[in-house]
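As they're listed, the protein sequences go chains A and B. Residue numbers 1150 to 1488, in this note's numbering, belong to the letters of the first sequence in order. Residue numbers 1150 to 1488, in this note's numbering, belong to the letters of the second sequence in order. Take a look at the structure set out below.
There are 2 protein chains.
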Amino acid sequence: MADDVTLGEVARKSGVSMAAASRALNSKDGVRPEVRDRVRLVAEALGYRPNRAARNLAGGRSSVVGFVVGSGELRLDSYGASLVQSMARAADAHDEGLMLLMDSKEPNVAVQNLIGDGLIDGVIVSAVAIGERWVEELLDARVPTVLVGEHPRRSDVSVVNVENCESSAQIVGHLLDTGCRSVATVTGPMTRVDASLRLQGYRLAHERRGLEIDERMIFHSDFDRRSGYELTETVVACGADGVFGSNDEMSLGLMRGFGERGIKMPDDIAIAGFDGTSETEQGVPALTTVLQPFQEIANTAIETLLRLMEDSDPPPLEQLVIPEIFFGETTRNPQPGEG
Amino acid sequence: MADDVTLGEVARKSGVSMAAASRALNSKDGVRPEVRDRVRLVAEALGYRPNRAARNLAGGRSSVVGFVVGSGELRLDSYGASLVQSMARAADAHDEGLMLLMDSKEPNVAVQNLIGDGLIDGVIVSAVAIGERWVEELLDARVPTVLVGEHPRRSDVSVVNVENCESSAQIVGHLLDTGCRSVATVTGPMTRVDASLRLQGYRLAHERRGLEIDERMIFHSDFDRRSGYELTETVVACGADGVFGSNDEMSLGLMRGFGERGIKMPDDIAIAGFDGTSETEQGVPALTTVLQPFQEIANTAIETLLRLMEDSDPPPLEQLVIPEIFFGETTRNPQPGEG
DNA sequence: TGCTTTCATGGAAGCGCTTCCAACGCAAGG
DNA sequence: CCTTGCGTTGGAAGCGCTTCCATGAAAGCA
C-alpha cells in the first residue's frame, strides 16, 4: 500500500511547486499545459491520491453528498432501492462520495450533522421523504439541496422531477385504447405531489377521449404493496377491466391478488403501473409500467447539486425528466395486427 | 446558521487552551473532570460541532465507514435493502457516517478510493459481494474490513455471520414435524458459503430424524426471485409437499408460482424461506422464514469494525448471530392442539 | 527600445483540529 | 525545607491541501 504519496512529493518530482502541482491536478488555469501534463504523469506514476480530508479542510468542499432515502420506520421499497442504486452509481461517476441517510431518529440531528460537520456539502432528498417537516428545516437552513420530486408547499427549491402527469395519461390511454372499457386507478397518498399528478394524468386520458370519469373507480391508497393487495377485492368488485396502479408496489400487490383469484391479465383485467424497478420487469407476468429513468434522474440530481454548490446564491433549478413506457404482459399490445 | 464555532472559541470562552478543550471533548484523560464538564457545557451552549475534515486530517480517522452492497449489475434485492437500512441505522447510532459503495465499474478503483482518499477508515462487505475477486484485493491491502458472512476461501478475516446451518435445520425440521412427508429444497449458488450451509442444515434435519434424502429433491438455483418462480413446475412435479427455499426471494417466486396454479399453502405444499425482510412478513400469505436479525448484524458489524480499527494489528474477529424463526402462514403451526 | 500588461510560478499563510512536549503546581517523601 | 514525581495545562508543530499574493519573465504596445 503506497497510500502516502503527498502533493509535496508529486511537486518535487515534477520540479514544480506545490501550488503549481495543485493547480495542475485540479484543472485550474495558470499552468502551462506542458507543465500540467507533466505533473499529471508524475502523479499517476506515483499513484498519488489526494487526501480528501486535507482538500476539504483547505478547500471547504468534502466531495461527498448525502442522500436522504427516508426517515422513521419507512422501509426501502423497490423504488427506493432502485434510486439508491442509481444514485450510488451517479455519485461515483461524478467522483463524489454518497453518504446514505436513512431514518436518523431526530431529523434535526441529521440536519445538524449535514451542515455542521462539514462531512457532506449537499443533500439529495428522495421523493419518499419530501413531505417530512424536517426537509423544510433543511431547506430553510440553506443547505444545498436537490429534491427528487416536487415539494408540496414550496417552489423555491431545486428539483429533479420525473414527468408524472403526461406519462400517466399515456399509459392510461394505452389501457383505454387497447380494449379496456372501464379503467380504475389506485392512487398514492394525495399529500404527495407525484401521486396527485398521476391521478391528474388518469383524468386527462379520459378527458382527451371524451370519456366521463366514474369517481367510484378512483381508490385512494398509500403506495404500499400490501395496501394494493388488500384492494384486490374492491377493485374486482367495481367492475373495471383495467387498472392503473399509480406505483408498481401497489400494482404488484394487486397482481398477486388477481393471480390468487385466477383472474387473468390482461384478458380479465389489464393492469399498468408506475416506476419500473427491476422487480417489475423480472416479474411474472411482466408489468406494463412507466419506467422511471432512474439513472438519468440520479445523474441529473447529482449534477444539479454540484452546480448549486458552485454558486453562492444560486437560483433554484428545475429539471424535468421524461420517462418511457414499458409494455409488459399485463396489457394488450398497442396494435395487435398493425393499425 | 451558526456552523462556524471552532474549537478555539470554545476554548477561549471556557478559559482553557485548545489543547485542553480538545482533550475535554474527546474524553481523553489529562483533564480535571471539573474542567472537562465546563468545556462541554460551553461547547453545547455554543452549538459547537467539530469539523470532521480537520479532525480527520489531524487525527487520521474519518469517522465514516464504507458499506459494499454489491458490484457489477447486481440489483439491490430485499436482503440487500434490509441490510442497507439496518446498517445506516447502526452507523448513525455509533456516530459514524455510512458511505454506500455499489458497483463501481472497476473494483480496483473502488479499493483505491477507500484506501487512499482517507475518506473512509474501513469497510463492511455484504454477503452478496463476498465472493468477488476484488474483495480479496481489499483484504490483501489490509484495509480494515468486516465481512457479513463467511469468505469461501479465507479465514483470516473478521466476520459477522448469521448462523446458517442450525437455523436451516430447525426450519426444515419444522416442515418435517408438521406433516410434510417429503421436503424439497431450492438452494442458492454453491459458491456462497451461506447457501451451502443452508443446504447442510437441510441435510442435518433429515439426518436427525433418520430420514433418507432424495437427492432429486435438491434444486440448485441462484437466490433470485425469478429463478424461484421458474422452478415452480419442477418442484411441483417432484411430488414434494414441503419446500425450503434457501432465501426469501426464491421462496416468494415459488409462492407466486404456486398461487397461480391454485396450489394452496400450506395444505398442498408448505413452504419456508430464509431472510425475513419486511416484504416477507407483509406478504400474503406471510412466509414462514428464518429471520435474519438485520439490526443486530449491522450493529455487530459496525462495532467489530471499530474495534478492528483501534488496533494496529488486530486479530480477526468472528462473531456469530443467531436468527429466530418466524412462523407465518405458509406452514402448519407447530402443535395445533398442544403436543 | 522602453514601457505596461499578461501570465505562469513559487512562497507562505492558513483551514480546524490533535498531540507531542515542556512547563508548571502541587503533594508526598527524604 | 528541599527534592522527586505525578498529573494538569498551554504552546506549538504539524496533518495535506488550496489559494492569495508577490515575483519575475515573456509578450504586447507605442
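All C-beta atoms in this analysis are idealised placements derived from N, C-alpha and C, irrespective of residue type, glycine included.
Using the beta-carbon of each residue, which ones in chain B are nearer than 8 Å to residue i?
i: residue 1228 of chain A; result: Correct list: empty, because the minimum Cβ distance to chain B is about 11 Å.
i: residue 1405 of chain A; result: 1405, 1408, 1433
i: residue 1239 of chain A; result: Within 8 Å Cβ-Cβ: nothing; residue 1239 of chain A doesn't reach chain B, min ~11 Å.
List the residues of chain B that residue i touches, going by C-beta distances under 7 Å, in chain order.
i: residue 1431 of chain A; result: 1374, 1375
i: residue 1211 of chain A; result: 1202
i: residue 1246 of chain A; result: 1248, 1268
Our contact map puts residue i next to residue j with C-beta atoms below 8 Å; I'd like the distance itself, whole angstroms only.
i: residue 1426 of chain A; j: residue 1275 of chain A; result: Actually they are not in contact, since the Cβ atoms of residue 1426 of chain A and residue 1275 of chain A sit about 13 Å apart, beyond 8 Å.
i: residue 1439 of chain A; j: residue 1415 of chain A; result: No, residue 1439 of chain A and residue 1415 of chain A are not in contact; Cβ-Cβ is about 16 Å, not under 8 Å.
i: residue 1202 of chain A; j: residue 1211 of chain B; result: 6 Å
i: residue 1374 of chain B; j: residue 1346 of chain B; result: Going by Cβ atoms, the distance from residue 1374 of chain B to residue 1346 of chain B rounds to 21 Å, so no, they are not a contact pair.
i: residue 1424 of chain B; j: residue 1396 of chain B; result: 5 Å
i: residue 1278 of chain A; j: residue 1337 of chain A; result: Between residue 1337 of chain A and residue 1278 of chain A the Cβ distance is about 14 Å, and since that is not below 8 Å, they are no contact.
i: residue 1434 of chain B; j: residue 1377 of chain B; result: Contact flag wrong, Cβ pair sits at about 16 Å.
i: residue 1494 of chain A; j: residue 1154 of chain A; result: Lying outside 1150 to 1488, the shown extent of chain A, residue 1494 of chain A is not represented and no answer is given.
i: residue 1467 of chain B; j: residue 1308 of chain B; result: 5 Å
i: residue 1174 of chain B; j: residue 1213 of chain B; result: That belief does not hold up - the Cβ atoms of residue 1174 of chain B and residue 1213 of chain B are roughly 19 Å apart, past 8 Å.
i: residue 1403 of chain A; j: residue 1391 of chain A; result: About 12 Å; that fails the 8 Å criterion.
i: residue 1343 of chain A; j: residue 1313 of chain A; result: 5 Å
Starting from residue i, trace the alpha helix (DSSP H) in both directions and tell me its first and last residue.
i: residue 1399 of chain B; result: 1397–1409
i: residue 1300 of chain B; result: Note, residue 1300 of chain B: premise wrong, no alpha helix (DSSP H); not H, not E.
i: residue 1453 of chain B; result: 1443–1459
i: residue 1239 of chain A; result: 1227–1242
i: residue 1473 of chain A; result: Premise fails: residue 1473 of chain A lies in the beta strand (DSSP E), 1473–1475, not in any alpha helix (DSSP H).
i: residue 1315 of chain A; result: 1314–1326
i: residue 1205 of chain A; result: 1201–1208
i: residue 1184 of chain B; result: 1182–1195
i: residue 1274 of chain B; result: Careful: residue 1274 of chain B lies outside any alpha helix (DSSP H), inside the beta strand (DSSP E) at 1271–1274.
i: residue 1480 of chain B; result: That residue, residue 1480 of chain B, is in no alpha helix (DSSP H); it is neither H nor E in DSSP.
i: residue 1159 of chain A; result: 1156–1163
i: residue 1169 of chain A; result: 1167–1174
i: residue 1356 of chain A; result: 1342–1357
In chain A, which residues lie with their C-beta within 9 Å of the C-beta of residue i?
i: residue 1233 of chain B; result: 1218, 1225, 1230, 1233, 1249, 1251
i: residue 1181 of chain B; result: Under the 9 Å cutoff, chain A gives no residues; its nearest Cβ is about 28 Å from residue 1181 of chain B.
At a CB-CB cut-off below 9 Å, which residues of chain B make contact with residue i?
i: residue 1409 of chain A; result: 1408, 1409, 1411, 1433
i: residue 1276 of chain A; result: Going along chain B, no residue has its Cβ under 9 Å from residue 1276 of chain A, so there is no contact; the nearest lies around 17 Å.
Quick one: give me the first and last residue of the beta strand (DSSP E) that residue i is part of.
i: residue 1424 of chain A; result: 1419–1424
i: residue 1333 of chain B; result: 1332–1336
i: residue 1246 of chain A; result: 1246–1251
i: residue 1391 of chain B; result: 1391–1394
i: residue 1309 of chain A; result: 1307–1311
i: residue 1469 of chain B; result: 1467–1470
i: residue 1440 of chain B; result: 1437–1440
i: residue 1213 of chain A; result: 1213–1219
i: residue 1368 of chain B; result: 1367–1369
What residues of chain A sit near residue i, judged by a beta carbon separation below 7 Å?
i: residue 1380 of chain B; result: Those within 7 Å of residue 1380 of chain B in chain A number zero; the least Cβ separation is about 12 Å.
i: residue 1267 of chain B; result: 1200, 1201, 1202
i: residue 1333 of chain B; result: Result: empty, since nearest Cβ-Cβ is about 20 Å, beyond 7 Å.
So with CB distances below 8 Å, who are the chain A contacts of residue i?
i: residue 1164 of chain B; result: Under the 8 Å cutoff, chain A gives no residues; its nearest Cβ is about 24 Å from residue 1164 of chain B.
Three CB pairs or more closer than 8 Å across the region 1440–1458 of chain A and the region 1222–1240 of chain A: A contact exists between the region 1440–1458 of chain A and the region 1222–1240 of chain A.
Counting only Cβ-Cβ distances shorter than 7 Å, please list the residues of the region 1183–1206 of chain B near chain A, keeping chain order. Within the region 1183–1206 of chain B, the residues whose Cβ lies closer than 7 Å to some Cβ of chain A are 1198, 1200, 1201, 1202, 1203, 1205, 1206, listed in chain order.
What residues in the region 1280–1303 of chain B bring their beta carbon closer than 8 Å to a beta carbon of chain A? Residues passing the 8 Å Cβ filter: 1290, 1291.
Inspect the CB distances between the region 1331–1344 of chain B and the region 1376–1385 of chain B and report whether three or more fall short of 8 Å. These segments touch.
Are at least three pairs of beta-carbons, each pair with one atom in the region 1283–1297 of chain B and one in the region 1319–1326 of chain B, less than 8 Å apart? Cβ pair count under 8 Å is below three, so no.
Could you please tell me which residues of the region 1446–1470 of chain B, in chain order, have their CB closer than 9 Å to any CB of chain A? Of all residues in the region 1446–1470 of chain B, none comes within less than 9 Å of chain A when Cβ atoms are compared.
Check whether the region 1181–1199 of chain A touches the region 1244–1253 of chain A, counting contact only when three or more Cβ pairs, one atom from each stretch, lie closer than 8 Å. In this structure the region 1181–1199 of chain A does not lie against the region 1244–1253 of chain A, because fewer than three pairs of beta carbons, one per stretch, are closer than 8 Å.
Three Cβ pairs or more, each shorter than 8 Å: is that satisfied between the region 1407–1422 of chain A and the region 1405–1414 of chain B? Taking a cut-off of 8 Å on C-beta distances, the region 1407–1422 of chain A touches the region 1405–1414 of chain B, as three or more cross pairs fall below it.
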